[in-house]
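Last residue of the sequence shown? That's 275 in the working numbering, and every number before it is there in order.
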Amino acid sequence: MEIPERLIDILEKANYVAVLTGAGVSAESGIKTFRDPDGLWAKFNPMELASIDGFMSNPQRVWEWYQYRREVVNKAQPNAGHYALVEFEKLFPQFTLITQNVDRLHQRAGSTNVIELHGNIIDNHCFNCKEPYYGETDLPEGQIPRCPKCGGLIRPSVVWFGEMLPPDAIQQAEEAAMDCDVFFSIGTSAEVYPAASLPYIAKRSGAVLVEVNPNPTSLSSFADFKISTTSAVGLPKIVEMLKKRKGLL
Ligand code: APR
27 MEIPERLIDI LEKANYVAVL TGAGVSAESG IKTFRDPDGL WAKFNPMELA SIDGFMSNPQ
87 RVWEWYQYRR EVVNKAQPNA GHYALVEFEK LFPQFTLITQ NVDRLHQRAG STNVIELHGN
147 IIDNHCFNCK EPYYGETDLP EGQIPRCPKC GGLIRPSVVW FGEMLPPDAI QQAEEAAMDC
207 DVFFSIGTSA EVYPAASLPY IAKRSGAVLV EVNPNPTSLS SFADFKISTT SAVGLPKIVE
267 MLKKRKGLL
């Protein structure tokens with residue numbers, strides 16, 4: 027898979043680069059995506075497991091499913107794509123990393139001030155009074171932690187379908203999309219809004235739009251550059267070519 031020299035020309039001059047990542051970036055860390063043929067939504071029903079109604083109708087099932095996903099995330103390691111994005115942060119005068127992912131692998135790789143649009147799977151809070159929960163989570167089968175403050179059920183601090191995104195996160199992400207010179211959409215099917223609106227906001231605001239994804243998406247025809255490879259292959263290649271161009275390699 028070749029990286030177009032024209033893209034490197036643009037990146038060499040870019041002042042502000044913004045990136046939106048999705049589950050595809052963590053695929054090479056062994057974390058399943060959602061909509062790929064072998065993805066989570068091929069086996070599980072998102073409305074039962076990643077929605078308020080799902081939690082209210084069967085909190086035990088939802089809690090256990092997130093405990094299972096946390097185990098997978100805790101065993102996973104950042105991959106070359108995550109580390110390449112840490113390099114991106116150093117290569118551009120201004121850089122914003124926006125993620126839909128909840129696994130915190132960007133932070134574990136060393137990315138700083140990551141905008142988490144969909145929360146994260148590590149933290150928990152009370153479903154009732156919203157108080158953050160720092161207590162025990164590894165309870166005997168069939169038990170869900172209770173809020174020490176109000177006795178409410180504890181839930182993971184991810185954004186569920188039908189829930190509002192953290193207002194400051196979506197506002198910062200939209201500002202980045204409007205102000206950046208180059209916007210990368212990496213490892214996302216670009217189907218879930220409002221995250222999926224960001225690449226369009228960027229393009230409408232005059233940014234060069236780059237998609238890194240081995241498969242086509244509804245965004246592909248809008249992208250100025252379509253890098254049809256995995257993030258763990260494509261991103262390190264871009265970093266290497268840009269560093270060479272800048273005399274850093
Ligand atoms: N490198 C880059 N992209 C990849 C790779 C890879 N190694 N493997 C798969 N992909 C691409 C797929 O082609 C697909 O377009 O990653 C994308 C994953 O899409 P989804 O599974 O829909 O994940 P995502 O776009 O992050 O989903 C958005 O939906 O379920 C909700 O809240 C959840 O944040 C998630 C949101």
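Positions of the beta carbon are idealized from the N, C-alpha and C atoms, including for glycine.
For Glu38, the number of other beta carbons within 10 angstroms of its own is below 16, and it is reported as exposed. For Ile78, the enclosing alpha helix (DSSP H) covers residues 78 to 83. Under the three-state reduction of DSSP output, Pro119 falls in the coil class, being neither helix nor strand.
Beyond the five residues adjoining it in sequence on each side, Val112 comes within less than 6 Å, by CB distance, of Ala135, Gly136, Ser137 in the same chain, given in chain order. Straight-line spacing of the CA atoms in Ile212 and Pro166 works out to 39 Å. Of the heavy atoms belonging to the ligand APR, at least one sits nearer than 7 Å to the Cβ of Asn241.
Contact annotation: Gln86 and Ile141 have beta-carbon atoms that are not nearer than 8 Å.
A straight line joining the alpha-carbon of Tyr226 with that of Gly107 spans about 23 Å. In summary, Ala68 is exposed, with fewer than 16 beta-carbon neighbours lying within 10 Å of its beta-carbon over all protein chains present. For the set Ile148, Tyr159, Phe153, Val185, the Cα lying nearest the Cα of Leu179 is the one of Phe153. A distance below 6 Å between beta-carbons, with the five flanking residues on each side excluded, links Lys269 to the following residues of its chain, in chain order: Leu275.
Of the residues assessed, Ser83 falls on the exposed side of the cut-off, its CB having fewer than 16 other CB atoms within 10 angstroms. Contact annotation: Val208 and Val99 have beta-carbon atoms that are not nearer than 8 Å. Where Gly273 is concerned, there is no enclosing beta strand (DSSP E), because DSSP gives it neither an H nor an E.
Bounds of the alpha helix (DSSP H) holding Ala203 are 193 to 205. By a beta-carbon distance limit of 8 Å, His132 contacts Leu123. Their separation comes to about 6 Å. Residue ranges of uninterrupted beta strand (DSSP E) with 3 or more members, entirely inside the stretch 37 to 111 and ordered along the chain, are 42 to 47. Assigned with DSSP and collapsed to three states, Glu167 falls in coil, not helix or strand.
DSSP places Tyr219 outside both helix and strand once states are collapsed to three, so it counts as coil. If you check the CB distance, Ala110 and Leu235 do not come in under 8 Å. Within the model, the alpha-carbon separation for Asn105 versus Val51 is close to 8 Å. In this model, Asp79 and Arg96 are separated by some 21 Å (Cα to Cα).
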